[in-house]
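Residue numbers (the working numbering): 4 to 929. Okay, so here's the structure we're looking at.
Shown next, in the form of structure tokens:
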């Protein structure tokens with residue numbers, strides 16, 4: 004044999020060996036990936052089960068659970084959630100316990116997130132919530148945990164999720180711990196955190212003042228809600244009962260109600276009930292503890308902030324020093340480190356919901372629609388489930404179906420046999436940052452030196468050394484600025500001119516957040532699941548203290564309604580003689596002056612509600628709840644109502660043509676009309692541009708302002724919009740405060756368009772030129788044409804919005820950019836072309852300061868038909884499973900993107916007719 008032949012054979016042999024090696028690796032990989040896939044059929048023997056139970060799944064794997072008693076229902080729900088999504092549940096409990104580093108190993112972001120959660124004390128709050136929960140709630144939580152533990156007992160990490168196998172390639176992980184009721188309750192803290200209200204706006208105002216140096220100009224970036232143009236959820240400006248819930252059945256006009264008089268207060272009965280819930284027997288706390296302290300009972304004083312004059316100079320004085328800015332920046336960076344576990348906290352964390360009375364529908368009974376807008380993820384945040392007592396009774400009252408969270412018992416959004424409900428974010432202002440004067444382990448208030456409360460926390464790190472931190476708190480809450488070590492050196496001078504501060508004094512930022520007071524949200528969810536009418540619905544909902552939501556209602560008797568819950572702080576008056584900063588919660592507060600402290604919480608009986616408004620529908624899409632003059636101030640930073648107005652217009656249009664149907668409700672959910680385009684496009688078309696740019700501008704001439712994926716006009720307009728915002732604002736705003744392009748910026752630009760020479764139009768990055776509105780518009784149009792030519796080609800007619808606007812569903816923590824492509828591709832799905840946009844009804848939101856990628860979207864969609872619950876429709880963002888290669892991992896993605904939905908069987912006959920798999924459960928030893 005010649006050498007050449009030998010080399011060739013050798014090469015062939017090596018190739019064969021390589022192929023065999025690849026085959027072996029692939030086979031092992033397939034085995035590892037498929038190992039955790041659950042068996043959803045057969046029979047399961049379960050310890051603690053009182054009687055037989057069954058799980059019937061349809062062709063998308065959605066479980067409908069049947070049992071003879073309530074604890075068995077929740078025990079099996081826990082088992083099923085662990086079957087489908089245990090790794091997701093485990094990640095959530097690591098995040099909410101400040102133990103993410105135990106799972107992902109040495110990682111600066113994970114460690115900072117752990118420090119923050121430990122500082123906030125989520126786990127401690129959840130423990131107290133469990134201790135004070137009702138007896139039935141504790142029983143259901145324990146049963147749920149027992150079901151989870153039945154599934155994970157005896158299974159290795161690799162049998163529970165391929166994600167553990169991947170993570171253990173880096174670090175040896177500890178043993179899987181048993182699930183506990185507190186693990187479930189801690190998830191409610193994460194929900195409340197991600198759905199908090201004006202936290203970003205508060206810090207943005209304070210950071211911008213150091214650059215802009217003019218509080219009046221900053222106020223232009225946070226305009227008032229347009230009450231004259233966009234209706235509130237409950238009509239009226241200051242009518243009794245609409246603002247304060249006094250019990251009246253009247254309103255002052257608008258689109259969600261109409262009546263007069265007060266039955267509850269002895270007045271005459273009107274057409275629509277609004278106001279308190281005296282008939283619902285809501286109750287209030289009677290505690291008088293200081294509401295500024297964390298982990299204390301609620302106070303009940305409802306005196307609101309007195310409006311006093313605050314000069315721009317005062318605001319600048321307080322926040323413009325390097326000391327104050329360093330502390331605020333440190334706090335903001337720490338707070339941004341926490342993973343968004345239900346969605347981005349920026350533009351997109353809104354939602355749509357509306358309910359239509361039977362007088363307006365084809366069936367003569369209500370239709371209810373809901374699609375919460377949250378961050379996109381794999382798997383999606385929601386888990387679909389049905390919980391059915393074989394015989395509904397006082398001992399086993401559940402017959403409910405809808406959306407929940409893996410790790411949480413019950414149904415959060417959905418319907419039972421008598422009522423349906425939907426949720427959108429109320430977004431009350433429940434957080435305030437307090438700038439504190441700190442010296443060592445003391446701080447100042449009202450000229451007195453007070454002792455900080457301190458505790459040590461030790462954070463374990465997989466593959467690394469443990470990290471111990473000291474958590475310090477003032478009466479206002481934990482010092483979140485301590486999370487980053489550089490804050491210790493921040494600032495040695497007073498932020499207020501003329502105040503003398505020792506050189507040993509620095510500044511910290513404390514967070515006062517009402518969700519750090521133990522609440523009753525779990526009681527609320529489980530009571531809502533079994534509510535039978537509007538009074539029992541309201542009793543349940545008013546216990547939903549955090550996260551506070553708009554909750555819409557419909558029942559099989561034809562009633563519709565709305566209730567706003569929440570633990571919402573009442574703020575002090577501040578210094579009425581020399582108001583250094585506004586005391587209404589829109590800016591960080593002054594911690595060393597007790598006049599800025601919280602004085603209590605809004606009473607439950609003062610929270611707004613409405614029943615059967617004369618208009619025949621209720622729309623709750625994060626817009627203002629009531630008019631501006633009521634005594635129960637919920638927030639100053641509402642969504643600006645562009646989506647809610649569009650929904651109203653579409654409902655009115657549909658009803659003018661025919662009685663409203665399920666198909667009409669679906670069509671509204673999928674509406675992609677861009678409201679800012681209607682205002683801005685006429686101004687763009689008036690501008691004179693060069694021929695090259697004009698060929699793109701011509702796309703806008705016949706555009707209907709909708710944004711399907713194949714729209715060339717939408718691609719161009721949104722690029723112009725992003726350029727316009729950058730040219731107008733980015734030269735002056737600090738890092739971290741850039742226009743995201745959502746509804747607030749719609750309103751900002753709408754107002755600025757009326758002032759063509761406003762100072763904001765001038766681009767400080769250009770020398771010897773003072774730009775005006777029209778110059779900025781022309782530059783934005785030209786710049787957008789050039790960018791899209793580079794990205795999508797020279798011919799504007801071939802541009803597509805979906806080529807820019809794409810959604811990728813990423814798994815946490817193994818789907819991120821820092822993970823090898825081979826791994827991330829196993830877990831992630833997409834990118835997919837997406838319709839819609841920010842502050843559009845079909846809200847596939849994007850950040851105009853970044854790229855066009857989707858940051859938040861409809862996390863699910865549902866339409867409930869109260870005339871025939873089996874005629875209801877639903878779709879989830881992904882699928883019921885968290886296991887890659889499971890057929891139910893992403894089997895709803897295509898329908899979700901297209902705006903389609905699926906049948907939602909509810910009655911026993913409908914569930915059986917849709918059966919694809921069934922798993923039975925029997926008591927151990929039977």
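All residues carry an ideal CB built from backbone N, CA and C; glycine is no exception. Small disclaimer: the values here were computed from a predicted structure and weren't measured.
### Query
By Cβ distance below 7 Å, which residues in the same chain neighbour residue 2 in space, the five residues on each side in sequence not counted?
Coverage of the chain is limited to positions 4 through 929, which leaves residue 2 absent and any answer about it impossible.
#### Entry: Secondary structure of residue 110, DSSP reduced to three states
Of the three classes helix, strand and coil, the one that applies to residue 110 here is coil, per DSSP.
### Task
Identify which residue in 152, 753, 45, 532 has its Cα closest to the Cα of residue 93.
Looking at the Cα atoms, 152 is the closest of the given residues.
### Message
By the DSSP assignment, the alpha helix (DSSP H) with residue 482 in it spans what residues?
### Response
For residue 482, there is no enclosing alpha helix (DSSP H), since its DSSP letter is neither H nor E.
### Message
Let me confirm a value: residue 35 is counted as buried when at least 16 other C-beta atoms fall within 10 Å, else exposed. Which label applies?
### Response
Label assigned to residue 35: exposed.
#### Entry: Buried or exposed (CB count within 10 angstroms, at least 16 for buried), residue 647
Burial check for residue 647: the Cβ neighbour count within 10 Å reaches 16 or more, so the residue is buried.
### Task
For residue 204, name the three-state secondary structure that DSSP assigns.
Looking at residue 204 - three-state DSSP - the assignment turns out to be helix.
### Close beta carbons around residue 189, own chain, < 7 Å, minus the five adjacent residues each side
Taken in chain order, the residues that qualify are 96, 99, 100, 125, 126, 129.
### Task
Could you tell me the boundaries of the beta strand (DSSP E) in which residue 389 lies?
Looking at the DSSP string, the run of the beta strand (DSSP E) that includes residue 389 is 386-392.
### Query
When you compare each of 628, 145, 761, 601 to residue 236 by their alpha carbons, which one comes out closest?
When each option's Cα is compared against that of residue 236, the closest is 628.
### Query
Is residue 712 closer than 8 Å to residue 813 when the C-beta atoms are compared?
Not a contact, by the Cβ cut-off of 8 Å.
### Nearest candidate by alpha-carbon position, reference residue 843, set 909, 150, 650
Nearest C-alpha to residue 843: 650.
### Query
residue 89 by DSSP, collapsed to three states: which one?
Residue 89 sits in a helix when the DSSP states are folded into three classes.
### Task
Using the DSSP secondary-structure output, state which residues sit across from residue 511 in a beta bridge.
For residue 511, which the question treats as bridged, DSSP gives the partners 439.
#### Entry: Proximal residues to residue 643 (C-beta, below 7 Å), its chain only, five neighbours per side dropped
The beta carbon of residue 643 is closer than 7 Å to those of 228, 229, 233, 746, 747, 749, 750 in its chain, skipping five residues each way along the sequence.
### Message
What ranges does the beta strand (DSSP E) occupy inside the region 609-649, keeping only unbroken runs of at least 3 residues that lie completely in it?
### Response
Counting only runs of 3 or more, we get 612-614, 620-622.
### Message
Less than 8 Å between the beta carbons of residue 833 and residue 809, yes or no?
### Response
Their beta carbons are under 8 Å apart, which means residue 833 touches residue 809 by this criterion.
### Task
Would you grab the beta carbon distance between residue 862 and residue 382 for me? Rounded to a whole angstrom, and I think it's under 8 Å.
The pair is not a contact, with the Cβ atoms about 11 Å apart (cut-off 8 Å).
### Query
By DSSP, does residue 471 sit in helix, in strand, or in coil?
It is a strand residue.
#### Entry: Residues that DSSP places opposite residue 66 in a beta bridge
In DSSP, residue 66 forms a bridge with 60.
### Message
Quick check: what's the CA-CA separation for residue 791 versus residue 719?
### Response
In a straight line, the C-alpha of residue 791 is about 7 Å away from that of residue 719.
### Message
Taking the alpha-carbon of residue 671 as reference, which of 678, 686, 653 has the nearest alpha-carbon?
### Response
Among 678, 686, 653, the Cα nearest to that of residue 671 belongs to 653.
### Message
Helix, strand or coil for residue 876? Go by DSSP, reduced to three states.
### Response
Strand.
### Task
Sort 683, 560, 595 by Cα distance to residue 870 and report the nearest one.
Looking at the Cα atoms, 560 is the closest of the given residues.
### Query
Based on the DSSP secondary-structure assignment, which residues constitute the bridge partners of residue 564?
Under DSSP, residue 564 forms a beta bridge with 556, 614.
#### Entry: Close beta carbons around residue 39, own chain, < 8 Å, minus the five adjacent residues each side
Around residue 39: 161, 162, 163, 164, 165, 886.
### Query
In terms of residue numbering, what span does the alpha helix (DSSP H) encompassing residue 155 cover?
If you look at residue 155, you'll find it in the alpha helix (DSSP H) that goes 138-155.
### Message
Is it buried or exposed, residue 588, if we count other Cβ atoms within 10 angstroms and call 16 or more buried?
### Response
Residue 588 sits buried, since 16 or more C-beta atoms from the chains shown fall within 10 Å of its C-beta.
### Query
Which of the three DSSP states, helix, strand or coil, is assigned to residue 427?
It is a strand residue.
### Task
Identify every run of the alpha helix (DSSP H) within the region 772-853, keeping only runs that are complete inside it and at least 4 residues long; order them along the chain.
Residue ranges of uninterrupted alpha helix (DSSP H) with 4 or more members, entirely inside the region 772-853 and ordered along the chain, are 776-795, 804-807, 824-830.
### Query
How about residue 54 and residue 926: are their beta carbons less than 8 Å apart?
Yes, the Cβ-Cβ distance between residue 54 and residue 926 is below 8 Å.
### residue 762 (DSSP reduced to helix, strand or coil)
Look at residue 762 here: in three-state DSSP terms it is helix.
### Query
Quick one: what does DSSP say residue 768 is sitting in, helix, strand or coil?
Here residue 768 sits in coil by DSSP.
### Query
Does the beta-carbon of residue 479 have 16 or more other beta-carbons within 10 angstroms, so that it is buried, or is it exposed?
Burial is judged here by how many other beta carbons sit within 10 angstroms of a residue's own beta carbon; residue 479 has at least 16 and is buried.
### Message
Can you tell me whether residue 670 is helix, strand or coil according to DSSP?
### Response
Residue state, collapsed to three classes: helix.
#### Entry: Three-state class that DSSP yields for residue 223 in the structure shown
Correct three-state label for residue 223: helix.
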